[in-house]
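Novice: Counting in the numbering used here, the sequence shown runs from 6 upward without gaps.
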Amino acid sequence: MRIAVAGGTGAVGVHVVDALRSDGHEPVVLSRSRGTDLTTGSGLTAALEGVEAIVDVANVSALSAEAATRFFHAATGSLLDAAQRLGIARLVVLSIVGIDRMPHDYYAGKLAQERLVEAGDVPWTILRATQFHEFAAQLYDRATLGPLHVAPRARVQPIAAREVGARLAQLATGPARGRVADLAGPREERLDEMVKAYARRAGHRGWVPSVSLPGAQMKAMRAGLGLPGPGADRGTLSFADWLEDSADLARR
Numbered sequence: 006m007r008i009a010v011a012g013g014t015g016a017v018g019v020h021v022v023d024a025l026r027s028d029g030h031e032p033v034v035l036s037r038s039r040g041t042d043l044t045t046g047s048g049l050t051a052a053l054e055g056v057e058a059i060v061d062v063a064n065v066s067a068l069s070a071e072a073a074t075r076f077f078h079a080a081t082g083s084l085l086d087a088a089q090r091l092g093i094a095r096l097v098v099l100s101i102v103g104i105d106r107m108p109h110d111y112y113a114g115k116l117a118q119e120r121l122v123e124a125g126d127v128p129w130t131i132l133r134a135t136q137f138h139e140f141a142a143q144l145y146d147r148a149t150l151g152p153l154h155v156a157p158r159a160r161v162q163p164i165a166a167r168e169v170g171a172r173l174a175q176l177a178t179g180p181a182r183g184r185v186a187d188l189a190g191p192r193e194e195r196l197d198e199m200v201k202a203y204a205r206r207a208g209h210r211g212w213v214p215s216v217s218l219p220g221a222q223m224k225a226m227r228a229g230l231g232l233p234g235p236g237a238d239r240g241t242l243s244f245a246d247w248l249e250d251s252a253d254l255a256r257r
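(1) Please tell me whether VAL62 and ILE93 are closer than 8 Å, where the distance is taken between their beta carbons.
(2) Spatial neighbours of VAL17 within its chain, please: C-beta separation below 7 Å, excluding the five flanking residues on both sides.
(3) By alpha-carbon positions, which one of GLY125, VAL155 and THR74 ends up nearest to LEU218?
(4) For ASP42, which residues in the same chain have their Cβ closer than 7 Å to its Cβ, ignoring the five residues on either side in sequence?
(5) Which residues in the same chain as LEU91 place their Cβ atom closer than 6 Å to its Cβ, once the five residues preceding and following it in sequence are excluded?
(6) When you compare only the Cα positions, how much space is there between GLN136 and GLY229?
(7) I'd like the list of long-range same chain contacts for ALA117, defined as Cβ closer than 7 Å, with 5 residues on each side in sequence excluded.
(8) Evaluate the contact criterion for the segment 220-237 versus the segment 94-114: three or more CB pairs, one atom per stretch, below 8 Å.
(9) Helix, strand or coil: how does DSSP classify GLY18 here?
(10) What does PHE137 pair with, by DSSP beta-bridge criteria?
(11) Per DSSP, what kind of secondary structure is SER66 in: helix, strand or coil?
(12) Can you find the residues in the same chain that come closer than 7 Å, C-beta to C-beta, to ALA24, ignoring five residues on each side of it along the sequence?
(13) What's the call for THR45, buried or exposed, on a 16-neighbour Cβ count within 10 Å?
(14) For ASP197, which option in ALA142, ALA87 and LEU132 has the closest C-alpha, if you only look at C-alpha atoms?
(15) Quick check for students: name the residue ranges of the alpha helix (DSSP H) that lie wholly in the segment 166-211, counting only runs of 4 or more.
(16) Taking the alpha carbon of PRO157 as the point to measure from, which residue in ALA189, GLU71, LYS201 and ALA70 has its own alpha carbon closest?
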């Protein structure tokens, strides 16, 4: 089966592509580096020739609600228009657990994306997943005060990006299913402890203080609003095991 992966060079997309390929399917990567611009639709028609399904894991680094909403309306809107025009059977979208409980900043854009897909004419599947193990590494790189790395406090139940990628690949090969069960990691973790553990694994020997970052979204995460409900599916790879997996660290 020929399946397009929007954002196929990103943190989750590479795992979707790997899972599809290992199962004998033909992944088609949609990205600017491959000649496709999702926000304008440039190159989409040619790239989607013969495609039966699309997995949308495209992302944007914008943190504001306005910028994130603008991006997802443009990018996912282009995919929906092309899928309807070309008769593509389904669109599978990755979203985030708890965004309806904390629709702030970037999460507001993801919620707008969900609503756009649900209102469209293309059969769809939406999978919400919790934060990735890789999130700790991203925060270590980005959450700094001058030369000091800081560890934001939050309650999370993280999952490996490759487990999410495998689930998305599986969903893409079957019929559209609407909202499916959320996907979370095997157990709850403290985000600040994850960042500190990653720092040690990366060779950092300095002080990494725990901090409570401002903003409604981080306050909600500290309250546990991003944790999965009792009906969520669970991954198997813990953060500690992921941290020892040099292959995953190399691809984060």
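Glycine included, every Cβ here is placed at the ideal spot set by N, Cα and C.
Specialist: Reading it off the structure:
(1) Counted from its first residue, the sequence shown places residue 62 at position 57. Counted from its first residue, the sequence shown places residue 93 at position 88. No; because the gap between Cβ atoms is not below 8 Å, this pair is not in contact.
(2) On the sequence shown, position 12 is the one that residue 17 refers to. Cβ within range, chain order: VAL62, LEU99, ALA166, VAL169 and GLY170.
(3) Within the sequence shown, numbered from 1, the residue matching residue 218 stands at position 213. Per the Cα distances, VAL155.
(4) Sequence index remark: in the sequence shown, residue 42 carries index 37 (1-based). Only GLY48 meet the Cβ criterion.
(5) In the sequence shown, counting from the first residue as 1, residue 91 sits at position 86. Here the set comprises LEU53.
(6) Residue mapping note: residue 136 aligns to position 131 of the sequence shown, counting from 1. Residue mapping note: residue 229 aligns to position 224 of the sequence shown, counting from 1. Computed Cα separation, rounded: 12 Å.
(7) Indexing the sequence shown from 1 puts residue 117 at position 112. Contacts found: THR74, PHE77 and HIS78.
(8) yes
(9) Here residue 18 refers to the residue found at position 13 of the sequence shown. Helix, per DSSP.
(10) Your numbering for residue 137 matches position 132 in the sequence shown. For PHE137, which the question treats as bridged, DSSP gives the partners ILE164.
(11) Here residue 66 is taken as the residue at index 61 of the sequence shown, counted from 1. SER66: coil per DSSP, three-state reduction.
(12) Numbered from 1 along the sequence shown, position 19 holds the residue referred to as residue 24. Correct list, in chain order: GLY170, ALA171 and ALA174.
(13) As a first step, residue 45 must be located in the sequence shown, where it is residue number 40. Exposed, by the Cβ-count rule.
(14) Working through the sequence shown from its first residue, we reach residue 197 at position 192. Out of ALA142, ALA87 and LEU132, ALA142 has the C-alpha closest to the C-alpha of ASP197.
(15) 166-177 and 196-206
(16) Here residue 157 is taken as the residue at index 152 of the sequence shown, counted from 1. Residue LYS201 is the option with its Cα nearest to PRO157.
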